[in-house]
Every structure is written in structure tokens, then in C-alpha cells.
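For reference, the structure discussed in these notes is given below.
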């Protein structure tokens, strides 16, 4: 059975999950841990307890969206596809 919080609890962040480039293995954001460290996490009554507080790096997530859009635009230009109906991801 999953334990739950009985009252509002603030826990410090324990780990930031960074996205990595597939070719080099470097962090997508290029930031050190301290630079990308978000605030402490607030859990409310009824929230399930977790072993470790982990969050994904917000800078990495934003750059991933931009890179996906850039790859799609590059493919359209390379193959001469004029797709004005394509939905914007950002």
C-alpha cells in the first residue's frame, strides 16, 4: 500500500533529471546542477510519498521542444516540403 502525506510537507529537491544529447552525451542545457536547481517541492495532504524528490530540468525541456521544431523545419527545407498546415509545438 502506498503511503500518503497526512499534512502539507515541503521537501528539498534531491535530484534534477537532465536530458542528454544522443551524439555527445552532454546535458542539453549545459548548466551545472546548482544553476538548474529548482525550488523545494511542496506536497499536500493526500499526495503519495516518494522515496526521492526528482524533477526534470525546465531548461532541458524547453530546449528539447525548440530542437524538435528546428529538426522539423530543417527536414521541410531539405526536401522542399511546404507544409503550412503543420501545428506549432511551441
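Numbering (the working numbering), first residue to last: 475 to 564.
For each residue, glycine too, the CB sits at the ideal point set by N, CA and C.
Owing to the predicted nature of the structure, the values given are computational and were not obtained by experimental measurement.
*Just how far apart, CA to CA, sit residue 524 and residue 549?*
41 Å
*asked:* Classify residue 481: buried if its beta carbon has 16 or more other beta carbons within 10 angstroms, exposed otherwise.
replied: exposed
*Apart from the five residues on each side of it in sequence, which residues of its chain come closer than 8 Å, Cβ to Cβ, to residue 545?*
none
*Distance, residue 527 Cα to residue 493 Cα*: 17 Å
*Thinking C-beta only, is residue 522 closer than 8 Å to residue 478?*
yes
*Rounded to whole angstroms, what's the CA-CA distance from residue 542 to residue 497? Just pull it up for me.*
15 Å
*asked:* Considering only their Cβ atoms, is the gap separating residue 503 from residue 537 smaller than 8 Å?
replied: yes
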